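So for the sequence shown, my numbering puts the first residue at 144; every next one is plus one. First comes the structure, then the notes that go with it.
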Amino acid sequence: MVTPFIRRQAQYAHRATVGQSSLSVAGGASTDMLSKLKVLICCPPELDSKRTQTHRPGRQTGVAAVVGAAVPVEQSRRSAPEADIELPDVLYDANDCRRFHTGQLLGRGTFGRCYKLVDVATGQDYAAKIISKRLHISTLYTPTEMAAREITVQRHLKHPHIVRFESFFEDADRIYILLELCSRGSLRGLLQRRKSLTEYECRYFIHQLVLGVQYLHDYRIIHRDLKQENLLLDEHMQLKIGDFGLATHLSHAGERKQMQCGTPDYTAPEVLSGEGYSLEVDIWAIGCVLYELLHGKPPFDSETLEGTIRKVRAAEYVLSCEMSPAASNMISQLLQLHPPSRPGAQELLRHEFLRHADLVKSLSNACLILAPPTKKANAALHAQRQTLGATIKL
Numbered sequence: 144m145v146t147p148f149i150r151r152q153a154q155y156a157h158r159a160t161v162g163q164s165s166l167s168v169a170g171g172a173s174t175d176m177l178s179k180l181k182v183l184i185c186c187p188p189e190l191d192s193k194r195t196q197t198h199r200p201g202r203q204t205g206v207a208a209v210v211g212a213a214v215p216v217e218q219s220r221r222s223a224p225e226a227d228i229e230l231p232d233v234l235y236d237a238n239d240c241r242r243f244h245t246g247q248l249l250g251r252g253t254f255g256r257c258y259k260l261v262d263v264a265t266g267q268d269y270a271a272k273i274i275s276k277r278l279h280i281s282t283l284y285t286p287t288e289m290a291a292r293e294i295t296v297q298r299h300l301k302h303p304h305i306v307r308f309e310s311f312f313e314d315a316d317r318i319y320i321l322l323e324l325c326s327r328g329s330l331r332g333l334l335q336r337r338k339s340l341t342e343y344e345c346r347y348f349i350h351q352l353v354l355g356v357q358y359l360h361d362y363r364i365i366h367r368d369l370k371q372e373n374l375l376l377d378e379h380m381q382l383k384i385g386d387f388g389l390a391t392h393l394s395h396a397g398e399r400k401q402m403q404c405g406t407p408d409y410t411a412p413e414v415l416s417g418e419g420y421s422l423e424v425d426i427w428a429i430g431c432v433l434y435e436l437l438h439g440k441p442p443f444d445s446e447t448l449e450g451t452i453r454k455v456r457a458a459e460y461v462l463s464c465e466m467s468p469a470a471s472n473m474i475s476q477l478l479q480l481h482p483p484s485r486p487g488a489q490e491l492l493r494h495e496f497l498r499h500a501d502l503v504k505s506l507s508n509a510c511l512i513l514a515p516p517t518k519k520a521n522a523a524l525h526a527q528r529q530t531l532g533a534t535i536k537l
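Structure representation (structure tokens):
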């Protein structure tokens with residue numbers, strides 16, 4: 144399984160998730176910014192200073208003390224990422240008196256590692272996001288604060304196309320976030336095997352992605368890091384939105400966020416401009432995801448970070464002439480430079496590309512390796528079988 148932690152390989156380091164102020168580039172990028180991008184530094188969503196609280200004696204400590212509430216801004220130390228985590232064969236959750244067998248490593252990323260855990264009592268499988276408390280990547284937030292923000296957003300989300308939060312626990316060294324196990328990997332892994340997908344498959348995945356985003360936007364939640372790595376597939380090939388490490392909540396409909404974060408290949412131009420942004424950045428990201436699924440590469444693909452950012456600012460991309468008019472039109476609407484010109488999630492569900500007759504509710508696992516046969520191919524196979532049957536009878 145490719146988890147929400149998986150990042151592109153080293154030569155594509157400029158496409159990894161980045162944190163605040165890392166994307167503000169006009170004409171050229173500062174040495175400091177580029178160095179941050181190359182080591183994959185990332186910051187969590189901004190904290191609301193008006194709600195900042197301090198820990199009180201006698202209260203809970205650790206993640207439990209800060210989940211659901213803002214925490215003090217703290218200048219933390221920056222150190223090298225922790226080496227591969229050496230976990231015991233059995234982990235113990237003291238809160239719920241549960242034991243877990245440690246399974247295989249599922250993925251690794253900037254903030255930690257993801258392992259498969261199996262509940263000893265029930266046999267239930269989980270994906271565990273494991274964050275070291277000694278790992279200090281952000282200069283503003285401790286690992287505990289970063290984990291608390293992610294848990295606060297994800298724990299209340301209940302939707303068939305969003306990775307389900309199960310629980311969390313911690314010990315002296317690490318924080319363990321238990322999530323739904325998506326055993327079929329991610330769209331990134333699928334693309335690596337298949338290079339590109341058919342419109343038939345894209346329609347299936349994008350429809351589910353839009354449904355998940357509609358749910359988030361109904362609750363005024365911006366994901367801010369929608370990309371192939373964070374779109375996971377369960378055993379039934381259902382798409383699930385994962386990794387809410389950069390997600391943020393709008394306090395009111397007109398609020399504009401300022402923190403510059405995300406992954407350059409999928410980042411909307413208004414994030415780069417620093418003028419404030421809202422839900423429309425997720426719509427832009429859907430356009431980038433759809434484009435890449437069909438073309439095999441991101442719409443603003445470039446050899447350098449500066450090149451990618453220049454193309455994003457100008458919404459400079461090229462559509463394949465092999466796409467259907469409906470697919471081309473949808474991408475063009477999603478990648479509108481002016482945010483208000485982009486359709487909302489509800490409007491997207493009415494787009495002709497997603498209302499096509501061949502929109503299906505399930506997809507075969509065989510699509511992980513091979514493209515599904517077209518209607519023309521199916522008709523030819525049926526005719527071939529009929530001919531073979533007639534020959535056998537003779």
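Where is the CB? At the ideal position from N, CA and C, for every residue including glycine. None of the values given here were measured: they were computed from a predicted structure.
Leaving out five residues before and five after residue i in sequence, what residues of the same chain have Cβ atoms less than 6 Å from its Cβ?
i: Gly430; result: Ile474, Leu477, Leu478
i: Arg298; result: Phe308
i: Trp427; result: Ala411
i: Glu435; result: Pro441
i: Phe254; result: Ile274
i: Val455; result: Pro412, Phe443
Within this structure, are the beta carbons of residue i and residue j separated by less than 9 Å?
i: Cys257; j: Ala237; result: no
i: Glu296; j: Glu323; result: Position check: residue 296 holds Val in this sequence, whereas Glu was assumed. The answer is no: Cβ separation not under 9 Å.
i: Arg327; j: Glu378; result: yes
i: Leu376; j: Lys383; result: yes
i: Ala488; j: Gln357; result: yes
i: Gly389; j: Asp408; result: Note that residue 389 is Leu in the sequence shown here, rather than Gly. No. Outside cutoff.
i: Asp316; j: Arg277; result: yes
i: Arg337; j: Ala514; result: yes
i: Thr423; j: Arg485; result: Reading off the sequence shown, one finds Glu at residue 423, where the question assumed Thr. Result yes, Cβ atoms of Glu423 and Arg485 sit closer than 9 Å.
Hey, how far is the Cα of residue i from the Cα of residue j?
i: Leu374; j: Ser329; result: 6 Å
i: Leu333; j: Phe312; result: 32 Å
i: Asp361; j: Glu418; result: 23 Å
i: Ser130; j: Cys464; result: Residue 130 lies beyond the residue range present for the chain, which begins at 144 and ends at 537; the question has no answer from this structure.
i: Tyr235; j: Thr245; result: 10 Å
i: Asp232; j: Val261; result: 11 Å
i: Asn472; j: Glu490; result: 14 Å
i: Ser178; j: Gln403; result: Unreliable positioning characterises Ser178 in this predicted model, as indicated by a pLDDT of 34, which lies under 50. A coordinate reading is not provided.
i: Arg453; j: Glu344; result: 31 Å
i: Leu433; j: Phe443; result: 13 Å
i: Tyr347; j: Met466; result: 16 Å
i: Gly439; j: Leu352; result: 18 Å
i: Leu511; j: Gln335; result: 10 Å
i: Val414; j: Cys325; result: 30 Å
i: Ile320; j: Tyr420; result: 29 Å
i: Leu497; j: Lys504; result: 12 Å
i: Leu506; j: Pro516; result: 12 Å
i: Pro482; j: Lys301; result: 28 Å
Here's the rule: buried if 16 or more other CB atoms are within 10 angstroms of the residue's CB, otherwise exposed. What is residue i?
i: Pro139; result: Residue coverage of the chain in this structure runs from 144 to 537, which leaves residue 139 outside it and unanswerable.
i: Ala264; result: exposed
i: Thr447; result: exposed
i: Gly405; result: buried
i: His350; result: buried
i: Glu288; result: buried
i: Ala290; result: buried
i: Ala470; result: buried
i: Asp314; result: exposed
i: Pro187; result: The pLDDT assigned to Pro187 is 36, lower than 50, so where the model puts this residue is not dependable; a value taken from the coordinates is nonetheless given after this. The residue is buried, with at least 16 neighbouring Cβ atoms inside 10 Å.
i: Leu437; result: buried
i: Cys136; result: Because the chain here runs from 144 to 537, residue 136 falls outside it and cannot be looked at.
i: Leu524; result: The pLDDT assigned to Leu524 is 48, lower than 50, so where the model puts this residue is not dependable; a value taken from the coordinates is nonetheless given after this. So Leu524 counts as exposed.
i: Arg493; result: exposed
i: His395; result: exposed
i: Glu342; result: buried
i: Leu340; result: buried
i: Lys400; result: buried
i: Leu359; result: buried
i: Leu502; result: exposed
i: Gly541; result: The structure shown does not extend to residue 541, since the chain is modelled only from 144 through 537, so no value can be given for it.
Residues in its own chain within less than 8 Å of residue i by CB, not counting five upstream and five downstream?
i: Gln247; result: Tyr258, Lys259
i: Ala458; result: Pro412, Leu478, Gln479, Leu480
i: Leu230; result: Thr245, Tyr258, Ile273
i: Gln267; result: Val261
i: Thr174; result: With a pLDDT of only 34 at Thr174, under the threshold of 50, the placement of this residue in the model should not be trusted, and no figure is reported.
i: Asn508; result: Arg327, Met380
Whose C-beta lies closer than 7 Å to the C-beta of residue i among residues of the same chain, with five residues either side of it excluded?
i: Leu354; result: His304
i: Ser445; result: Thr451, Lys454
Length-filtered (4 minimum) alpha helix (DSSP H) runs lying within the segment 332 to 390: You should have 342 to 361.
Restricting to runs no shorter than 4 residues, where is the alpha helix (DSSP H) found entirely within the segment 435 to 505? Taking 4 residues as the shortest admissible run, the segment 435 to 505 contains the following complete alpha helix (DSSP H) segments, listed from N- to C-terminal end: 448 to 457, 468 to 477, 488 to 491.
Suppose only complete runs of 3+ residues qualify. What are the beta strand (DSSP E) ranges in the segment 241 to 309, listed by chain order? For the segment 241 to 309, whole beta strand (DSSP E) runs of length 3 or above, ordered along the chain, are 241 to 251, 256 to 262, 268 to 275.
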